[in-house]
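Quick notes on the structure that follows.
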Amino acid sequence: MAEHYKPTKYKAWEMTIEERFSEYHAPFSEREAMLEANRCLYCHDAPCMVACPTHIDIPTFIKKISTGNVKGSAKTILESNILGATCARVCPVEVLCEGDCVLQGDHKPIAIGRLQRYATDYASERGIKFFKAGEPNGKKVAVVGSGPAGLSCAGELAKLGFEVTVFEKQKWAGGLSTYGIVVFREPVEISLAEVKAIEELGVTVKTGVEIGKDIKFEDLLNDYDAVFIGVGLGKVPPMEVPGEKLEGVVDGLDFIAQTKTEPLDSIKHGNRICVIGAGNTAIDCATIARRLGAERVTMIYRRSEAEMPAYHFEYQFALGEGVSFMFLTQPIEVVGENGKVTGLKCVRMDLGAPDASGRRSPVPVPDSELIVPCDMVISAIGQIKPFSFMEALTSLGLKNVKGYIKVDPETNKTDHPKIFAGGDCVRSHGEASTVMAVQDGKIAAKGIYQHLLGRTPASVAAASKK
Ligand SMILES: Cc1cc2nc3c(=O)[nH]c(=O)nc-3n(C[C@H](O)[C@H](O)[C@H](O)COP(=O)(O)OP(=O)(O)OC[C@H]3O[C@@H](n4cnc5c(N)ncnc54)[C@H](O)[C@@H]3O)c2cc1C
Ligand code: SF4
2 MAEHYKPTKY KAWEMTIEER FSEYHAPFSE REAMLEANRC LYCHDAPCMV
52 ACPTHIDIPT FIKKISTGNV KGSAKTILES NILGATCARV CPVEVLCEGD
102 CVLQGDHKPI AIGRLQRYAT DYASERGIKF FKAGEPNGKK VAVVGSGPAG
152 LSCAGELAKL GFEVTVFEKQ KWAGGLSTYG IVVFREPVEI SLAEVKAIEE
202 LGVTVKTGVE IGKDIKFEDL LNDYDAVFIG VGLGKVPPME VPGEKLEGVV
252 DGLDFIAQTK TEPLDSIKHG NRICVIGAGN TAIDCATIAR RLGAERVTMI
302 YRRSEAEMPA YHFEYQFALG EGVSFMFLTQ PIEVVGENGK VTGLKCVRMD
352 LGAPDASGRR SPVPVPDSEL IVPCDMVISA IGQIKPFSFM EALTSLGLKN
402 VKGYIKVDPE TNKTDHPKIF AGGDCVRSHG EASTVMAVQD GKIAAKGIYQ
452 HLLGRTPASV AAASKK
């Protein structure tokens, strides 16, 4: 709405398209890193460590930076989180580690994410390797999906001596870190460098292989001692409104993937764009559209500002990018001429009684239809749940919670004795994030070790207790 519109902070006309899509935060210089690290109080029982889902020993890694031991700092980080370079960039630190920093409030919290990036980039740029494959234990594990959950599980298993093969249906490995997270937050190279580091531990990564299509799930169960499922979620579901097949209606995930895999100046986009949804993916689509040069980008959401699922800081970021918002507005039809989008027909909503989720349900306001003129509609209304797109799951006897794979939280084991799972495909409640997927992969690696070898690995046990 007009009252939300603020002049954009980013002045597109002053930046090249490459600059608009380069990393949003500049890396810390050595001096900046030192100054920031020296602000840390190195709390005993540091709350930031508890808030980090992978329980990185944050005071220790920051202390090491402050004493000039940047290599040691990177080792501390990667021991707990093998995808530490990705997490340093993508973690919603405001609600995780930095959100619990004791300097929050009267002072500024320590920039934990940026310090983590400083240390992990230091090691990666110098080709420093900290880990090697463990003594072979004779067991083989298949990992389905090469997102953060699959890679984390594969890396931890390789360190424990398993022979691991990762199957990935896409051309490149890395999951949403490669294809989904906006390029100005995480460039593709960072994700691919982590894939390479996992491969250097002896893990075989087979891309362009879809389990269930190219190889039967049952064959994996016959050929491997255990299988880890880290398939994430599916595509954006259909909006189920007339006109959604018109030219100019696009899937939000495909739109983001284009900006990660294709030359930026070759990407076709509209000039007046409606983005449907108000989660973090929708915000990403909207900010990308602005940075590609769209003049007007409007996010359409059927509930109010208070109910929007995106993080507050993401919302503020979008406002700063000049994105406008229409709350309490429900799309009911994509309208077009000559097969192309010309507008989005919507109806205004009121909030009624709370629904099963506890949120007040939107109810249409009679005679309130309106058309928002636009030449592109981006749908970012969520992702399809695993039980809706992986047919094998039910036939293998796996159970589900609201369409997500059911696992035991202590081991990430499913109801099938040989199958473990983790990441977005098991996240039936709460926020899904990269760092949680990494932690699931660690827990499953420990679970697989216990299941196949009958004991707890010392290193994994210590890490998970921290
Ligand atoms: C647009 C977007 C932006 C996001 N931004 C952030 C962010 O800034 N910070 C953050 O912390 N989180 C963010 N997230 C969430 C985060 O990306 C996910 O929580 C995380 O990637 C989950 O990891 P995963 O391994 O479970 O799944 P994914 O990353 O989805 O990886 C699953 C992989 O499995 C593969 N696969 C699926 N089926 C098969 C099959 N049958 N055979 C072989 N391979 C298969 C897929 O191709 C994919 O590569 C974002 C998500 C989206 C959609
Ligand atoms: S992994 Fe994420 S949550 Fe954990 S310390 Fe690093 S930036 Fe913070």
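Quick note: the sequence shown uses the working numbering, first residue 2, plus one each step. Just so it is clear, CB atoms sit at the ideal spot from N, CA and C, and this is done for glycine as well. Since the model is a prediction, treat every value here as computed from it, not as a measurement.
Tell me the DSSP secondary structure of residue i in three-state form.
i, result
"Cys44", "coil"
"Lys466", "Low per-residue confidence applies at Lys466: pLDDT is 45, beneath 50, and the placement is therefore not dependable enough to give any value."
"Cys426", "helix"
"Cys375", "coil"
"Val96", "helix"
"Ala3", "Here Ala3 scores only 33 on pLDDT, less than 50, and its place in the model should not be relied on; the value that follows carries that caveat. DSSP places Ala3 in helix when its eight states are reduced to three."
"Leu345", "strand"
"Ser434", "coil"
"Ser305", "coil"
"Lys72", "helix"
"Arg361", "strand"
"Ile420", "strand"
"Gly353", "strand"
"Phe229", "strand"
"Glu33", "helix"
"Lys109", "coil"
"Lys261", "helix"
"Lys414", "strand"
"Arg90", "helix"
"Pro8", "Bear in mind that the predicted position of Pro8 carries a pLDDT of just 42, short of 50, making it unreliable; the figure below should be weighed with that in mind. In the structure shown, Pro8 sits in coil (DSSP, three-state: anything other than H, G, I, E or B)."
"Ala194", "helix"
Using a Cβ-Cβ cutoff of less than 6 Å, which residues in the same chain neighbour residue i once the five nearest sequence positions on both sides are dropped?
i, result
"Tyr43", "Pro60, Lys64"
"Asp351", "Val364, Val366"
"Phe256", "Cys286, Ile379"
"Ala354", "none"
Identify the residues that DSSP records as bridge partners of residue i: which are they?
i, result
"Asp441", "In the DSSP output, where bridge partners are listed per residue, Asp441 has none listed."
"Ser380", "Asp252, Ile277"
"Glu325", "Reading off the sequence, residue 325 comes out as Ser, not Glu. Thr299, per the DSSP bridge assignment."
"Tyr405", "Val402"
"Gly337", "Val342"
"Ile216", "Ile212"
"Ala143", "Thr166, Val228"
"Thr474", "Any question about residue 474 goes unanswered here, given that the chain covers just 2 to 467."
"Thr282", "Thr282 is not bridged to any residue."
"Val206", "Val167"
"Glu370", "Val348"
"Lys269", "Per DSSP, none; premise fails for Lys269."
With distances taken from CA atoms, which of the options is nearest residue i?
i, options, result
"Cys375", "Asn138, Leu247, Ala34", "Leu247"
"Gly383", "Arg115, Gly278, Leu79, Cys92", "Gly278"
"Asn138", "Val183, Arg349, Ala150, Ala159", "Ala159"
"Lys236", "Tyr180, Val189, Lys269", "Tyr180"
"Asp285", "Gln171, Gln117, Leu177, Arg428", "Leu177"
"Asn339", "Gly244, His270, Tyr225, Ile57", "Gly244"
"Glu126", "Met16, Ile420, Gly455, Glu195", "Glu195"
"Arg186", "Val91, Pro54, Leu394, Val373", "Val91"
"Lys484", "Gly151, Asn272, Leu202", "This structure leaves residue 484 out entirely; the chain is present only between 2 and 467."
"Pro238", "Val250, Phe229, Leu345", "Val250"
"Thr77", "Leu397, Gly135, Ile57, Lys140", "Ile57"
"Ile449", "Gln317, Met300, Gly162", "Gly162"
"Leu371", "Glu334, Lys407, Glu322", "Glu334"
"Asn401", "Glu20, Pro110, Arg428, Ala381", "Arg428"
"Leu397", "Val408, His417, Tyr405, Lys403", "His417"
"Ala307", "Val276, Thr282, Arg361", "Arg361"
"Val71", "Glu157, Ser30, Leu104", "Ser30"
Using a Cβ-Cβ distance cut-off of 8 Å, determine whether residue i contacts chain D.
i, result
"Cys88", "The chain labelled as chain D is not found in the depicted structure, where only one protein chain is given."
Please go through the same chain and pick out, in chain order, the residues whose beta-carbon is closer than 8 Å to the beta-carbon of residue i, but skip the five residues on each side of it.
i, result
"Ile268", "Gln259, Thr260, Leu293"
"Ser369", "Val348, Arg349"
"Ala462", "A caution first: Ala462 carries a pLDDT of 47, below 50, which makes its placement in the model unreliable, though a value can still be read off. Hits under 8 Å: Lys447."
"Met2", "Confidence at Met2 is low in this model, with a pLDDT of 33, below 50, so its placement is unreliable and the value that follows should be read with caution. Contacts found: Ser325, Phe326, Met327, Phe328."
"Ala134", "Ala159, Lys160, Gly162, Leu202, Gly203"
"Glu99", "Cys49, Gln105, Pro110, Ile111, Ala112, Ile113, Gly114"
Could you give the C-beta distance for residue i and residue j, rounded to a whole number, given that I count them as a contact under 8 Å?
i, j, result
"Val145", "Val232", "6 Å"
"Ser74", "Met35", "So it is not a contact: roughly 12 Å between Cβ atoms."
"Ala227", "Val165", "Their Cβ separation, rounded to whole angstroms, is 10 Å, which puts Ala227 and Val165 out of contact at 8 Å."
"Thr415", "Ala422", "5 Å"
"Ile113", "Cys154", "Contact flag wrong, Cβ pair sits at about 25 Å."
"Val332", "Met240", "Note on identity: in this sequence residue 332 is Pro, with Val being the wrong assignment. Right, their Cβ atoms sit about 7 Å apart."
"Gly69", "Gln117", "Their Cβ separation, rounded to whole angstroms, is 17 Å, which puts Gly69 and Gln117 out of contact at 8 Å."
Excluding five sequence neighbours on each side, which residues of the same chain lie with their C-beta closer than 7 Å to the C-beta of residue i?
i, result
"Lys314", "Per the sequence shown, the amino acid found at residue 314 is Phe instead of Lys. So the qualifying residues of the chain are Glu95."
"Trp173", "Thr179, Leu193, Thr208"
"Leu234", "Gln384, Ile385, Lys386, Pro387, Asp425, Cys426"
"Ile212", "Val145, Phe168, Phe218, Leu221"
"Ala393", "Gly213, Phe218"
"Tyr405", "Lys386, Pro387, Cys426, Val427, Arg428, Ser429"
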